[in-house]
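K.L.:
For the sequence shown, our numbering begins at 4 and goes up steadily by one.
Structure incoming, see below.
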Amino acid sequence: MPSYRMYWQTATRYDPIATVMGHKRFDNLRTYIHMNDNTNVKQKGESAYNPLFKVRPVLEKVHANCLKVEPEENHSIDEQMIPFKGKIGMKQYIKNKRHKWGIKVFTRAGVTGLVYDFEVYTGKGTVTNERGLGVAGEVVLRLVSEVPKGLNYKCFFDNWFTSPELIVELKKMGILTVATINRNCLRGCTLKSDKELSKAGRGAYEVKYEKTSGMSIVKWYDNKAVLLASSFIGPEPVERCRRWSKEKKEYVEVDRPHIVKVYNHNMGGVDLADMFAALYRIDIRPRRWYLRILYYLIDLSLVNDPLIKVGKQADLNSRKRGRPSLEDDPTSHKAAPPPPPFQRISAPSVDVRLNRCDHFPIHAEKRGRCRLCKNGYTQMACLKCK
Numbered sequence: 004m005p006s007y008r009m010y011w012q013t014a015t016r017y018d019p020i021a022t023v024m025g026h027k028r029f030d031n032l033r034t035y036i037h038m039n040d041n042t043n044v045k046q047k048g049e050s051a052y053n054p055l056f057k058v059r060p061v062l063e064k065v066h067a068n069c070l071k072v073e074p075e076e077n078h079s080i081d082e083q084m085i086p087f088k089g090k091i092g093m094k095q096y097i098k099n100k101r102h103k104w105g106i107k108v109f110t111r112a113g114v115t116g117l118v119y120d121f122e123v124y125t126g127k128g129t130v131t132n133e134r135g136l137g138v139a140g141e142v143v144l145r146l147v148s149e150v151p152k153g154l155n156y157k158c159f160f161d162n163w164f165t166s167p168e169l170i171v172e173l174k175k176m177g178i179l180t181v182a183t184i185n186r187n188c189l190r191g192c193t194l195k196s197d198k199e200l201s202k203a204g205r206g207a208y209e210v211k212y213e214k215t216s217g218m219s220i221v222k223w224y225d226n227k228a229v230l231l232a233s234s235f236i237g238p239e240p241v242e243r244c245r246r247w248s249k250e251k252k253e254y255v256e257v258d259r260p261h262i263v264k265v266y267n268h269n270m271g272g273v274d275l276a277d278m279f280a281a282l283y284r285i286d287i288r289p290r291r292w293y294l295r296i297l298y299y300l301i302d303l304s305l306v307n308d309p310l311i312k313v314g315k316q317a318d319l320n321s322r323k324r325g326r327p328s329l330e331d332d333p334t335s336h337k338a339a340p341p342p343p344p345f346q347r348i349s350a351p352s353v354d355v356r357l358n359r360c361d362h363f364p365i366h367a368e369k370r371g372r373c374r375l376c377k378n379g380y381t382q383m384a385c386l387k388c389k
């Protein structure tokens with residue numbers, strides 16, 4: 004449900020949960036959730052210090068299970084954000100994300116939204132530039148380390164990760180690539196300026212090839228110029244697509260290189276996984292950062308489970324998200340009985356209450372309400388009026 008408190012509300016009550024414990028007891032138990040032995044935690048600066056120590060056992064288990072899934076042909080690599088605004092050193096800010104503040108996770112997912120690999124970013128030192136490809140390049144190489152090599156698996160990512168050296172390195176590993184790329188990463192490859200392409204009209208493009216590696220660089224002009232690099236595909240065949248024209252206030256036909264179509268079709272896997280998780284994200288907002296990561300791992304597992312069961316071809320339109328539906332449970336079609344009515348204790352008669360005889364305080368078995376007590380409850384009761 005959108006909010007965990009709805010399991011106990013009258014209109015949306017769910018007996019398998021609501022009859023086991025009250026929501027107050029659930030909140031109390033939630034305060035004692037721990038995933039590791041806190042007596043063994045290392046402080047920053049000590050040897051074997053791990054920023055994710057508090058959540059490491061569950062994190063490693065979920066990560067290992069994701070790696071066991073048979074991969075799809077096309078994979079995308081992008082960033083996810085675990086929403087969190089509390090005080091923690093690993094908190095990041097990404098202006099283009101829906102949740103701009105939070106814990107950043109580098110993720111590799113398939114076209115269907117199935118997550119195959121991920122890595123939580125803990126700040127400076129999470130990734131070291133061992134192969135001279137930059138931190139972003141090292142992230143990509145670590146995320147594709149479990150992808151089968153030499154079998155034409157394809158990887159898609161954006162310009163934050165891309166460099167020509169990374170594309171060449173992935174091709175040597177047997178992994179094909181399509182990615183957007185920044186102009187300052189072209190390494191001397193000269194292309195027409197944006198002004199020249201804009202004069203040619205929407206849909207104009209230019210392509211250059213690197214002879215040694217066979218890498219292609221395509222610059223396509225739509226509303227603005229877009230640069231893409233690939234180790235296996237180019238602009239041909241050029242197709243026509245419908246694009247909105249602000250000047251004409253209508254759709255117009257525009258030439259689109261094939262590399263653009265392939266990139267747009269395969270790049271959205273991580274965003275799709277994010278959408279599934281966001282539709283019914285666990286609506287509990289703890290102040291402890293490791294519980295936020297725990298809830299992220301639960302959401303990830305619930306999204307992955309049905310996608311794996313149906314062979315990664317889930318009917319994405321049949322329900323709100325990728326997690327299991329209550330429609331599969333025949334008992335869910337039966338209306339849940341209403342909760343039992345609250346039994347109020349009848350007050351004593353006026354004659355008994357005001358006769359000033361035998362009204363002695365005693366220690367009651369259960370707490371009762373008191374209008375004069377500071378917290379509204381008391382353990383004391385009247386011997387005669389109880």
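Here a beta-carbon is modelled for each residue, glycine too, at the ideal position from N, C-alpha and C.
By DSSP, does A14 sit in helix, in strand, or in coil?
P.N.:
Here residue 14 refers to the residue found at position 11 of the sequence shown. Note: A14 maps to coil in three-state DSSP.
K.L.:
Based on the DSSP output, what are the partners of H366 in its beta bridges?
P.N.:
Locating residue 366 in the sequence shown gives position 363, where the first residue counts as 1. Its beta-bridge partners are M383.
K.L.:
Could you tell me the distance, in whole angstroms, from the CA atom of D120 to the CA atom of E250?
P.N.:
The residue you call residue 120 lines up with position 117 of the sequence shown. The residue you call residue 250 lines up with position 247 of the sequence shown. Roughly 44 Å between the two C-alpha positions.
K.L.:
List the residues that DSSP assigns as beta-bridge partners of E122.
P.N.:
Here residue 122 refers to the residue found at position 119 of the sequence shown. For E122, which the question treats as bridged, DSSP gives the partners F109.
K.L.:
Express the C-alpha separation of I285 and D302 in angstroms, rounding to a whole number.
P.N.:
Residue numbering aside, residue 302 sits at position 299 when the sequence shown is read from its first letter. Residue numbering aside, residue 285 sits at position 282 when the sequence shown is read from its first letter. Cα to Cα, D302 sits roughly 7 Å from I285.
K.L.:
How big is the Cα-Cα spacing for L144 and N187?
P.N.:
The residue labelled residue 144 in the question sits at position 141 within the sequence shown. The residue labelled residue 187 in the question sits at position 184 within the sequence shown. Near 22 Å, if we compare the C-alpha coordinates of N187 and L144.
K.L.:
Applying the criterion that 16 or more other CB atoms from any shown protein chain within 10 Å of the CB defines a buried residue, is V142 buried or exposed?
P.N.:
Residue mapping note: residue 142 aligns to position 139 of the sequence shown, counting from 1. Result: buried.
K.L.:
By the three-class DSSP mapping on this structure, what secondary structure does A182 have?
P.N.:
Counted from its first residue, the sequence shown places residue 182 at position 179. Strand at A182.
K.L.:
May I ask which residues mark the beginning and end of the alpha helix (DSSP H) holding W292?
P.N.:
For the purposes of this step, residue 292 is identified with residue 289 of the sequence shown, where counting begins at 1. Boundaries of the alpha helix (DSSP H) around W292: 292–312.
K.L.:
Pull up the distance between the alpha-carbon of N41 and that of V61, whole angstroms please.
P.N.:
For this step, residue 41 is matched to residue 38 along the sequence shown. For this step, residue 61 is matched to residue 58 along the sequence shown. If you take the alpha carbons of N41 and V61, they lie about 15 Å apart.
K.L.:
Please state the DSSP three-state secondary structure of N132.
P.N.:
Translated into positions along the sequence shown, residue 132 becomes position 129. In the structure shown, N132 sits in coil (DSSP, three-state: anything other than H, G, I, E or B).
K.L.:
Which term fits T115, buried or exposed, when burial requires 16 or more other beta carbons within 10 angstroms of its beta carbon?
P.N.:
In the sequence shown, residue 115 corresponds to position 112, counting from 1. Flag for T115 reads buried.
K.L.:
Three-state secondary structure (DSSP) at E63?
P.N.:
As a position in the sequence shown, residue 63 is number 60, starting the count at 1. E63: helix per DSSP, three-state reduction.
K.L.:
Let me know the secondary structure DSSP gives L211 once reduced to three states.
P.N.:
Taking the first residue of the sequence shown as 1, we reach residue 211 at position 208. Residue identity differs from the one stated: residue 211 is Lys in this sequence, not Leu. Strand, per DSSP.
K.L.:
For the candidate residues G153, L282, T125, L169, whose alpha-carbon lies nearest to that of E133?
P.N.:
By 1-based counting over the sequence shown, the position of residue 133 is 130. The shortest C-alpha separation from E133 is found at L169.
K.L.:
Quick one: is R1 buried, meaning 16 or more other Cβ sit within 10 Å of its Cβ, or exposed?
P.N.:
Residue 1 is absent from the model: the chain starts at 4 and stops at 389.
K.L.:
Specify whether the stretch 235–253 and the stretch 183–201 touch according to this definition: at least 3 beta carbon pairs, one from each stretch, less than 8 Å apart.
P.N.:
no
K.L.:
Please name the residue in K214, A207, S304, Y212 whose C-alpha comes closest to that of E256.
P.N.:
Taking the first residue of the sequence shown as 1, we reach residue 256 at position 253. Nearest to E256 by C-alpha distance, out of K214, A207, S304, Y212, is A207.
K.L.:
Let me check understanding here. Comparing Cα to Cα, which of A384, R359, M9, R356 lies closest to K369?
P.N.:
For the purposes of this step, residue 369 is taken as the residue at position 366 of the sequence shown. Residue A384 holds the alpha-carbon nearest to the alpha-carbon of K369 among A384, R359, M9, R356.
K.L.:
What is the DSSP secondary structure of C373, reduced to helix, strand or coil?
P.N.:
Along the sequence shown, one-based indexing puts residue 373 at 370. Three-state DSSP puts C373 in coil, outside helix and strand.
K.L.:
Starting from P86 and walking both ways along the beta strand (DSSP E), at which residues does that stretch end?
P.N.:
Counted from its first residue, the sequence shown places residue 86 at position 83. Run containing P86: 77–86, per the beta strand (DSSP E) assignment.
K.L.:
Run the CB neighbour count on N269, radius 10 Å, all protein chains shown included, and call it buried at 16 or more, exposed below.
P.N.:
Against the sequence shown, residue 269 aligns to sequence position 266. N269 should be labelled buried.
K.L.:
Out of G153, Y124, V210, S234, state which residue places its alpha-carbon closest to the alpha-carbon of S166.
P.N.:
Taking the sequence shown and counting its residues from 1, one reaches residue 166 at position 163. Nearest C-alpha to S166: S234.
K.L.:
DSSP on I262, reduced to helix/strand/coil?
P.N.:
Residue mapping note: residue 262 aligns to position 259 of the sequence shown, counting from 1. In the structure shown, I262 sits in a helix (DSSP, three-state: H, G or I).
K.L.:
Give the single residue among Q83, G237, E73 whose Cα lies nearest to the Cα of L310.
P.N.:
In the sequence shown, counting from the first residue as 1, residue 310 sits at position 307. Measuring from the Cα of L310, the nearest candidate turns out to be E73.
K.L.:
Who are the Cβ neighbours of Y299 in its own chain at under 7 Å, not counting the five residues just before and after it?
P.N.:
For the purposes of this step, residue 299 is taken as the residue at position 296 of the sequence shown. I85.
K.L.:
Have a look at S1 and I80 and give me their C-alpha separation to the nearest angstrom.
P.N.:
An answer regarding residue 1 cannot be provided, because it is not within the stretch 4 to 389 covered by the chain.
K.L.:
Let me know the secondary structure DSSP gives R101 once reduced to three states.
P.N.:
As a first step, residue 101 is located in the sequence shown; it is residue number 98 there, counting from the start. The answer is coil: DSSP assigns R101 none of H, G, I, E or B.
K.L.:
Helix, strand or coil: which one does DSSP assign to S234?
P.N.:
If you number the sequence shown from 1, residue 234 lands on position 231. Reduced to three states, the DSSP call for S234 is coil.
K.L.:
Given this structure, state the Cα-to-Cα distance separating A21 from W11, to the nearest angstrom.
P.N.:
As a working mapping, residue 21 is identified with position 18 in the sequence shown. As a working mapping, residue 11 is identified with position 8 in the sequence shown. Between A21 and W11, the C-alpha separation is close to 5 Å.
K.L.:
Run through DSSP, which three-state label would S201 get?
P.N.:
As a working mapping, residue 201 is identified with position 198 in the sequence shown. Residue state, collapsed to three classes: helix.
K.L.:
Using the three-state DSSP reduction, which class does R190 fall into: helix, strand or coil?
P.N.:
On the sequence shown, position 187 is the one that residue 190 refers to. Three-state DSSP puts R190 in coil, outside helix and strand.
K.L.:
Buried or exposed, going by whether 16 or more other CB atoms sit within 10 Å of the CB of Y96?
P.N.:
Along the sequence shown, read from residue 1 onward, the residue named residue 96 stands at position 93. Exposed is the call here.
K.L.:
Between D197 and the rest of its own chain, which residues show a CB-CB distance below 8 Å, the 5 nearest in sequence each way excluded?
P.N.:
Translated into the one-based positions of the sequence shown, residue 197 becomes position 194. For D197, where only same-chain residues beyond five positions count, the Cβ hits under 8 Å are Y224, K227, A228.
K.L.:
Look up R245 in the DSSP assignment and give the residues it is bridged to.
P.N.:
Residue mapping note: residue 245 aligns to position 242 of the sequence shown, counting from 1. Bridge partners of R245: E256.
K.L.:
What are the boundary residues of the alpha helix (DSSP H) that includes V114?
P.N.:
What you label residue 114 is simply residue 111 of the sequence shown in a count that begins at 1. Unbroken run through V114: none, as it is neither H nor E.
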